[in-house]
Amino acid sequence: TAFQTFRAVQLQRGQSPWAPFTSAEEWELARWIHATGITQRATDDFLCGPMATQCRAMFPSVYGSFHNNKSYLSHIDKLPGPKASWSWSEITVQGNARDAHGWLMKEVLPIYHRNPVDIVEDLISYTPFDGHIAYA
4 TAFQTFRAVQ LQRGQSPWAP FTSAEEWELA RWIHATGITQ RATDDFLCGP MATQCRAMFP
64 SVYGSFHNNK SYLSHIDKLP GPKASWSWSE ITVQGNARDA HGWLMKEVLP IYHRNPVDIV
124 EDLISYTPFD GHIAYA
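Shown next, in the form of structure tokens:
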């Protein structure tokens, strides 16, 4: 799985299991922020607030990876995730309405899509699905 590959790279580099975070405590803080579902603004307020600032000052080796929402999100982005990432394209469609000159009007629409092969690969490699996937 992506997580097993990520851990193998961590071991090869001599990194701790909670990398890219500096400590298990900081990883737990990041997990809590994510699990609570608080807004990015509230995350920024918390991380820039006096309690988090004092924790970073007193324990820089424990809470040194992120200091605001932007740096927190950059660390989250370093974690392994699904291979099937979202892509964005635009298409132009022609409608049946006419403009002032009598021409059929066109509109540019955004299309968000994923590679179906990558999605199937993600599903197959997702360990909680082991033994529960049937192939036709």
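Residue numbers (the numbering used here): 4 to 139.
Glycine included, every Cβ here is placed at the ideal spot set by N, Cα and C.
Extent of the continuous beta strand (DSSP E) to which Ile-36 belongs: Within the sequence shown, the letter at position 33 stands for residue 36. Per DSSP, Ile-36 belongs to no beta strand (DSSP E); it is in the alpha helix (DSSP H), 27-39.
Beta-carbon proximity list for His-78, same chain, < 8 Å, skipping 5 on both sides: Mapped onto the sequence shown, residue 78 falls at position 75. Only Pro-23, Phe-24, Ala-33, Ser-68 and Phe-69 meet the Cβ criterion.
Local conformation of Leu-76 per DSSP, three classes: Numbered from its first residue, the sequence shown carries residue 76 at position 73. Of the three classes helix, strand and coil, the one that applies to Leu-76 here is helix, per DSSP.
Alpha carbon of Ile-94 to alpha carbon of Asn-118, nearest angstrom: For this step, residue 94 is matched to residue 91 along the sequence shown. For this step, residue 118 is matched to residue 115 along the sequence shown. Spanning the two alpha carbons is a distance of roughly 17 Å.
C-alpha gap between Thr-8 and Leu-76, whole angstroms: Here residue 8 refers to the residue found at position 5 when the sequence shown is read from its first residue. Here residue 76 refers to the residue found at position 73 when the sequence shown is read from its first residue. Using only the alpha carbons, I get a separation of about 22 Å.
DSSP state of Ala-137 mapped onto helix, strand, coil: Indexing the sequence shown from 1 puts residue 137 at position 134. Looking at Ala-137 - three-state DSSP - the assignment turns out to be coil, as it is neither helix nor strand.
Counted within 10 angstroms of its Cβ, other Cβ atoms place Asn-99 as buried (16 or more) or exposed: For the purposes of this step, residue 99 is taken as residue 96 along the sequence shown, with counting starting at 1. Classification for Asn-99: exposed.
When Arg-16, Ser-128 and Ile-122 are compared against Trp-89, the one with the closest alpha-carbon: Here residue 89 refers to the residue found at position 86 of the sequence shown. The candidate whose alpha carbon is nearest that of Trp-89 is Ile-122.
Chain-order list of residues whose beta-carbon lies under 7 Å from that of Glu-124 (same chain, five-residue window excluded): In the sequence shown, the residue the question calls residue 124 occupies position 121. If the five residues before and after Glu-124 are omitted, its C-beta is found closer than 7 Å to the C-beta atoms of Lys-86, all from its own chain and listed in chain order.
Distance between His-37 and Pro-131 (C-alpha atoms, nearest Å): The sequence position of residue 131 within the sequence shown is 128, counting from 1. The sequence position of residue 37 within the sequence shown is 34, counting from 1. Going from the Cα of Pro-131 to the Cα of His-37 covers about 21 Å.
Bridge-paired residues (DSSP) for His-116: Here residue 116 refers to the residue found at position 113 of the sequence shown. DSSP lists Ser-90 as partners of His-116.
Through-space distance from Leu-107 to Arg-101, alpha-carbon basis: Here the question's residue 101 lines up with position 98 in the sequence shown. Here the question's residue 107 lines up with position 104 in the sequence shown. Going by the C-alpha atoms only, they are around 4 Å apart.
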